[in-house]
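Colleague: A single structure is presented below for examination.
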Amino acid sequence: MPVRLRMRRMGSRKRPFYRLVAADSRYQRDGRFLEILGYYDPMEEPFKFKVDREKVVGWLNKGATMSETAEGLLRREGIVQAFNMSKAGSKADIKSDAGKKEEAIGAGESKGSSEA
C-alpha cells in the first residue's frame, strides 16, 4: 500500500482549508485517509500551517512519499531537512559500526596468524 502525505481540501467554495493527511495513493484527493497530520489555512494573513512533526517523521520513516505541495510546506517548516539529516546520520552510524567491526576482525586475523 503506497502511502502519500498530501493535502485534503476542505472548507467552502472560495474559502479553502486544507488538512495534511497520510493516505493511500489510490484513494481520491478528498476521500479516505489513514491519519490527519496537520492543517493549512491559506486564507489567514499570514497563512497558518500547523503540523505534528512526530507523526510526519513517523510516516516518512515507514516509507511514505510527499506530494509537491506538502513537501514545499514541510520544507518551509524545516521538517524535511531534519528528517534527511537524521536519516543520513543513522546511515553514517551504521557505516561506522560496520567499519569498526571490520577493523576488529582484521586485527583479530593478524594476531591469530602471528601466533601460529
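Numbering-wise, the working numbering comes out as the position in the sequence shown, counting from 1, plus 387.
Ideal placement from N, C-alpha and C gives every residue a C-beta, glycine not left out.
Being a predicted model, the structure only gives us computed values, none of them experimental.
1) Alpha carbons only, please: which of Ala451, Lys435, Gly450, Lys401 is nearest the one belonging to Leu460?
2) Rank Ala475, Val438, Lys449 by C-alpha distance to the C-alpha of Arg462 and give the top, closest one.
3) For the beta strand (DSSP E) containing Lys435, name the first residue and the last one.
4) I'd like the list of long-range same chain contacts for Ile466, defined as Cβ closer than 8 angstroms, with 5 residues on each side in sequence excluded.
5) Apart from the five residues on each side of it in sequence, which residues of its chain come closer than 6 angstroms, Cβ to Cβ, to Ile481?
6) Relative to the C-alpha of Pro389, which candidate in Leu407, Trp446, Arg400, Gln468 has its C-alpha closest?
Modeller: Quick answer:
1) Lys435
2) The candidate whose alpha carbon is nearest that of Arg462 is Val438.
3) For Lys435, the enclosing beta strand (DSSP E) has its first and last residue at 435-438.
4) Closer than 8 angstroms at the Cβ level, and outside the excluded window around Ile466, lie Val438, Arg440, Val443, Val444.
5) Per-residue confidence for Ile481 stands at a pLDDT of 49, beneath the threshold of 50, marking its modelled position as unreliable; no derived number is given.
6) Trp446
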